[in-house]
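Novice: Residue numbers (my numbering), protein chains in the order written: chain A, 21 to 230; chain B, 177 to 734. We put the beta carbon where it would ideally sit given N, CA and C, even for glycine.
1. Is residue 526 of chain B close to chain A? Criterion is C-beta to C-beta, closer than 8 angstroms.
2. When you compare the CB of residue 186 of chain A with every CB in chain C, is at least one pair closer than 8 angstroms?
3. Whose Cβ in chain A lies nearer than 7 angstroms to the Cβ of residue 298 of chain B?
4. Tell me, to the nearest whole angstrom, how far the beta carbon of residue 230 of chain A is from that of residue 184 of chain A; I am working on the premise that it is less than 8 angstroms.
5. Could you check whether residue 481 of chain B and residue 455 of chain B sit closer than 8 angstroms to each other, using their CB atoms as the reference points?
6. Could you confirm whether any beta carbon from chain A is found closer than 8 angstroms to the beta carbon of residue 218 of chain B?
7. Would the beta-carbon of residue 531 of chain B fall within 8 angstroms of that of residue 484 of chain B?
8. State buried or exposed for residue 735 of chain B, treating a residue as buried only when at least 16 other CB atoms are found within 10 Å of its CB.
9. How long is the line joining the alpha carbons of residue 33 of chain A and residue 253 of chain B, rounded to whole angstroms?
10. Report back the beta-carbon spacing between residue 115 of chain A and residue 416 of chain B to the nearest angstrom; my notes put them in contact at under 8 angstroms.
11. Exposed or buried, residue 178 of chain B, counting other C-beta atoms within 10 Å across all chains shown (16 or more means buried)?
12. Indicate whether at least one CB of chain A lies closer than 8 angstroms to the CB of residue 185 of chain B.
13. Quick one: is residue 90 of chain A near chain B, going by C-beta distance under 8 angstroms?
14. Per DSSP, residue 205 of chain A is paired with what?
15. Residue 170 of chain A bridges to which residues according to DSSP?
16. Does the beta carbon of residue 724 of chain B come closer than 8 angstroms to any beta carbon on chain A?
17. To be precise: take each residue of the segment 56-72 of chain A, compare its Cβ to all Cβ atoms of chain B, and keep it if any distance is under 8 angstroms. Which residues remain?
18. Looking at the secondary structure, which residues open and close the beta strand (DSSP E) in which residue 396 of chain B lies?
19. Does the Cβ-Cβ distance between residue 545 of chain B and residue 536 of chain B come in under 8 angstroms?
20. So residue 380 of chain B and residue 77 of chain A are supposed to be a Cβ contact under 8 angstroms. How far apart are they, rounded?
21. From residue 710 of chain B to residue 533 of chain B, what does the alpha carbon distance come to, in whole angstroms?
22. So with CB distances below 9 angstroms, who are the chain B contacts of residue 75 of chain A?
23. May I ask which residues mark the beginning and end of the beta strand (DSSP E) holding residue 377 of chain B?
24. Can you tell me which of A/133, A/103, A/51, A/173 puts its alpha carbon nearest to the alpha carbon of residue 370 of chain B?
25. Decide if the segment 300-319 of chain B is in contact with the segment 343-350 of chain B; the criterion is three or more beta carbon pairs, one per stretch, under 8 angstroms apart.
26. Measure from the C-beta of residue 132 of chain A to each C-beta in chain B and report whether the shortest distance is under 8 angstroms.
27. In whole angstroms, give me the CA-to-CA distance for residue 228 of chain B and residue 340 of chain B.
28. On the criterion of 16 or more Cβ atoms from any shown chain inside 10 Å, does residue 695 of chain B qualify as buried, or is it exposed?
29. Do we get a CB-CB distance below 8 angstroms when we pair residue 205 of chain A with the residues of chain B?
30. Report the residue from B/526, B/461, B/718, B/654 whose alpha carbon sits nearest the alpha carbon of residue 699 of chain B.
31. Looking at chain B, is there any beta carbon in it that lies within less than 8 angstroms of the beta carbon of residue 181 of chain A?
32. For residue 435 of chain B versus residue 353 of chain B, is the C-beta spacing smaller than 8 angstroms?
33. Using 8 angstroms as the threshold, is the C-beta distance between residue 625 of chain B and residue 520 of chain B below it?
34. Give, in chain order, every unbroken run of the alpha helix (DSSP H) that is at least 4 residues long and sits entirely within the segment 602-671 of chain B.
35. For residue 76 of chain A, write down the residues that DSSP places opposite it in a beta bridge.
36. Under the DSSP definition of a beta bridge, which residues are partnered with residue 234 of chain B?
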C-alpha cells in the first residue's frame with residue numbers, strides 16, 4: 021500500500037516534469053520564435069492587416085465593421101455579435117454566430133425583415149429591387165459576425181442607391197464595385213467577394229476627388 | 177463557374193494534396209516511432225523527466241505513465257486558469273471560475289477542446305500559449321502514442337512489450353507535430369493570421385463620430401496556436417468564432433489549407449501502420465475504409481447544404497446563415513465534415529444553423545467514433561478496433577476463429593473491443609437523457625423543439641467523442657454542463673485508451689497464426705466493404721432513436 025502511494029507520486033512527478041519541459045518548448049520557445057519570424061517577415065499581416073486612409077488607421081481589411089452611413093455600401097447582418105460579459109473594463113466585440121436553427125421562427129422573421137429592408141433601401145426612383153434579386157448573404161448573419169465581405173450580387177444591388185445618394189453616375193459606381201470584386205482564388209477556391217471596407221475607402225476617395 | 181462545381185474542385189484539390197503527403201509522411205512517422213536513435217535535445221528532455229527512453233513497457237506501465245502525464249496536464253491547466261488574475265501578461269483578465277476551469281482543463285487535455293468560454297474575453301496570453309496551446313501539442317502526441325502502441329501489439333509477437341511512453345510522447349511532439357506546426361504557422365501568417373503579443377488595444381474605424389471612433393482588439397499568438405489546433409485535430413479557437421474568425425482563417429486558401437492540416441496526419445497514420453505491420457496493403461485497406469466514409473459524408477453534406485431546406489434558409493435563398501462569404505457553402509461543407517469525422521471540432525461555419533440533415537450528418541460523423549479518418553492517433557486505434565469487430569462478425573458467419581494481421585481474436589480480445597465501442601454511446605445517451613429529464617438543464621437550450629434536443633445530444637456526442645464542436649446556441653457555461661461534459665470528456669478519452677492498451681498487450685503476447693487458404697484477406701476490397709458496413713450498422717443501431725428525435729425530425733419536416 022505504502023509502496024504504491026510512493027510509486028504513484030513518483031510517476032506523477034515524472035509526468036509533471038515532462039509537462040513542464042514540453043511547456044517550455046511548445047508553449048514558450050515555439051510561440052516566441054514564431055512571433056519573431058512573423059514580425060520580421062510579415063509585419064503588417066502579423067499585426068492584423070491594418071488599413072490606413074486619410075492619414076489614419078481605419079480598421080483591418082480582414083475585420084468587417086458596422087456603422088457605415090446610407091451613402092456607403094452596407095455589410096452583412098451580424099446578429100450573433102456580442103459584447104463582453106466578463107472583464108468588463110474592456111469594450112470587446114465577441115465574435116460569433118446567431119446559432120439559430122433553420123426552422124427557428126426568430127430566424128425566419130429576421131430573414132424576411134432583412135429582405136424587405138434591403139429591397140426598400142436599395143430601390144431608387146428609377147431602379148426597383150425585386151426580392152428575388154437579394155442574395156442569401158445580404159439577409160443572413162455570418163459565422164464570425166465580422167465577415168469583411170459581401171457577395172458581388174449584394175454589392176451590385178447597392179450600386180444604384182450609392183450612386184444616387186452621392187450624386188455619382190451608376191456606371192462610375194458599378195466600375196468601382198467591379199474593380200473591387202475578387203474572384204475565387206486560382207479560379208476555384210472559395211467564393212467571389214467584395215471587401216466592404218476597401219470598397220468604401222475607394223468610394224470616399226472618389227467623392228473627395230469629384 | 178457554379179458554386180457546386182467550385183466545391184467539387186476544391187474537394188479534388190484537397191484529395192490530391194493529401195495523396196501527395198500520404199507516402200512520405202506515413203513513412204516518416206513509421207521511422208520516427210521505430211528508430212533506435214535519440215536526438216540530443218531529446219536526451220536532455222529524458223534527463224529532465226528522469227525517465228529512461230529505452231525501457232520497454234508492458235501495457236499497465238505504459239498506461240500508468242500516460243495517465244500520470246495527463247493528470248499532471250489537467251492539474252497544471254486548471255491552476256493556470258485559477259491563477260490567471262495574478263499572472264503577468266494576461267491583460268488584467270480575471271481568474272476563471274472553478275467549474276469552467278475544470279471543464280476547460282479536461283477539455284484540452286483530452287484533445288476535445290470543447291469551449292464553454294469566449295476566448296477573446298476570458299483567456300489571456302499566458303493561459304492561451306503556455307496552457308491551452310501546449311495541450312494542443314501533447315494531447316495529440318498522447319493519441320498518436322496509443323495508436324502506435326496498438327500497432328506494435330499487432331506487429332510484435334511473444335512479448336508483452338509495447339514501447340516506451342515517454343519516448344513516444346516526446347518524439348511525436350518534437351519530430352512530427354512541432355516541425356509541422358511551425359511550417360503551417362508561417363504559411364498562415366503569410367496569409368494574414370495574426371501573431372503578436374500586444375494586449376487589448378484600440379484601432380481606428382472607418383466611421384467616426386458619435387463616440388464610435390475605435391474598436392478594441394485582442395492581440396495574440398494566434399497563428400502558432402491555429403496551426404497545431406488543426407494539425408493535432410484539437411479545435412479550440414483563440415476567438416469565440418473559431419476558424420470563422422478572419423484573424424484565424426482569413427482567406428479561401430487558408431480555409432482549404434486548414435482542412436488539409438486536419439486530415440493529413442490521421443490519413444497518413446494508416447501508412448505508418450502498414451509499414452510497421454509489414455504490409456502497406458493492410459494500410460491501404462484501412463485508408464480505403466476511412467476515405468470511403470469521409471467522401472460519402474462530404475457528398476451528403478454538400479447535397480444537404482446546397483439544397484438549403486428549412487424555412488429560414490428557403491426564405492434567404494441559400495444556406496448562408498452562420499457561414500462566411502469568402503468560404504461559401506461548398507468549402508464550409510467540406511470543413512464541417514472533416515472536423516466532425518476527426519476529433520477536431522474547429523468550425524469555419526456554425527453547425528447549429530446548418531440544414532436539419534446537414535447538422536445530422538455532422539452529428540453522425542462524431543457518432544461513428546471519429547474514425548474516418550479520426551483524430552491524430554485516436555482515429556487509427558478506433559478504426560483498428562472496428563476492424564477487430566468486423567473480422568469477428570466475419571468469423572461468426574463462416575464459423576472460424578477470427579484473426580486479424582496474424583493475431584487470433586479470442587474471447588479476451590473481443591471483450592476488450594466490445595467494451596471500447598460501448599463506452600461512448602453509454603456516456604452520450606445516458607447523459608443526454610439525464611439532461612432532458614432534469615428540471616434545469618433544458619433551460620440552456622437556445623432553440624426549441626427537435627433542434628433544442630439536438631443541441632443537448634450534439635453537446636454530449638461532441639464531448640464523449642472528444643470532438644469539441646457544438647450546436648453552440650446551448651448555454652453550456654452552467655455547473656451542470658461544465659461538470660457533466662467534463663466527466664464525459666474524461667471517461668470518453670481515457671477509458672477507451674485502457675481497453676486499447678490492454679488489447680495491444682494481449683495481441684503482443686500472442687504467437688502469430690500462419691496465413692492459410694481459410695484466412696480472411698483483410699487487405700482486399702471485400703473486407704473494406706465489410707468494415708464500412710459494420711461501422712454504419714453498429715452506429716446506426718445505437719443512435720437511430722436519438723437521431724430520429726433530433727436532426728431527422730427537423731430535416732424531414734422541412
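Specialist: The relevant details are as follows:
1. yes
2. The structure shown has no chain C; the protein chains it does contain are A and B.
3. 106
4. At roughly 15 angstroms, the Cβ-Cβ gap does not stay under 8 angstroms, so residue 230 of chain A and residue 184 of chain A are not in contact.
5. no
6. no
7. yes
8. Nothing in the structure corresponds to residue 735 of chain B, since chain B is present only between 177 and 734.
9. 16 angstroms
10. 5 angstroms
11. exposed
12. yes
13. no
14. A/209
15. A/214
16. no
17. 57, 58, 59, 61, 62, 65, 66, 67, 68, 69, 70
18. Run containing residue 396 of chain B: none; DSSP gives neither H nor E here.
19. no
20. 4 angstroms
21. 22 angstroms
22. Result: empty, since nearest Cβ-Cβ is about 10 angstroms, beyond 9 angstroms.
23. 377-380
24. A/51
25. yes
26. yes
27. 9 angstroms
28. exposed
29. yes
30. B/461
31. no
32. no
33. no
34. 625-640
35. A/73
36. B/337
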